Amino acid sequence: MIEFHLDRRSGVSTYLQLVHQVKQALRLGTLRPGDKLPTAREVVGDLAINPNTVLKAYRELEREGLVEGKPGLGTFVQRSVGGATLADHTVLRRSLAQWVRQARGAGLDQEDIEALFDVAVTDSFREGIA
0 MIEFHLDRRS
10 GVSTYLQLVH
20 QVKQALRLGT
30 LRPGDKLPTA
40 REVVGDLAIN
50 PNTVLKAYRE
60 LEREGLVEGK
70 PGLGTFVQRS
80 VGGATLADHT
90 VLRRSLAQWV
100 RQARGAGLDQ
110 EDIEALFDVA
120 VTDSFREGIA
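Counting with numbering that gives the first Met the number 0, you get residues 0 to 129 for the letters of the sequence shown.
Written out as structure tokens, the structure is:
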């Protein structure tokens, strides 16, 4: 089951942080079709947020066809996102972790690394590199 966390300084609304975390978990294979999301009550208890915020996030995910609420049972993942397998993710994550270690060894801080990564990703999609 997913465990939500908030970054209150991010400038991103709370409900969108929840939506993004579910989508990321789906992309990484942490959540799979059939998995149950925490109840709104559980999320409210863990994060001390308004129940309507959780319900708004779950409605957005439902609108996108990613989850389905089943009255009396909970909210369940309907489909995943992304195309890579969990094994592909593992290999790529290890490779990326090695690259991050090299970048840190070269003296880059987290913001430098994120900026470099963002540029590389943007350039890759702009150029149509597969």
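Beta carbons are placed, not taken as given, at the ideal position from N, Cα and C, and that holds for glycine. As the structure is a computational prediction, the values presented were derived from the model and not from experiment.
Inset, instruction - May I ask which residues mark the beginning and end of the beta strand (DSSP E) holding residue 69? - result: 66-69
Legend entry - Where residue 76 falls: helix, strand or coil (DSSP): strand
Inset, instruction - Would you check if there are 3 or more beta carbon pairs closer than 8 Å linking the segment 66-73 to the segment 94-106? - result: no
Inset, instruction - Indicate whether residue 22 and residue 80 have their beta-carbon atoms separated by less than 8 Å. - result: yes
Legend entry - Closest Cα partner of residue 31 within the set 76, 111 and 59: 76
Inset, instruction - Determine, using beta carbons only, whether residue 36 and residue 5 come nearer to each other than 8 Å. - result: no
Inset, instruction - Return the Cβ separation of residue 39 and residue 15 in integer angstroms, given the expectation that the two are a contact with Cβ distance under 8 Å. - result: Their Cβ separation, rounded to whole angstroms, is 16 Å, which puts residue 39 and residue 15 out of contact at 8 Å.
Legend entry - Beta-carbon spacing of residue 52, residue 13 below 8 Å: yes
Inset, instruction - Can you give me the start and stop residues for the alpha helix (DSSP H) that residue 124 sits inside? - result: 109-126
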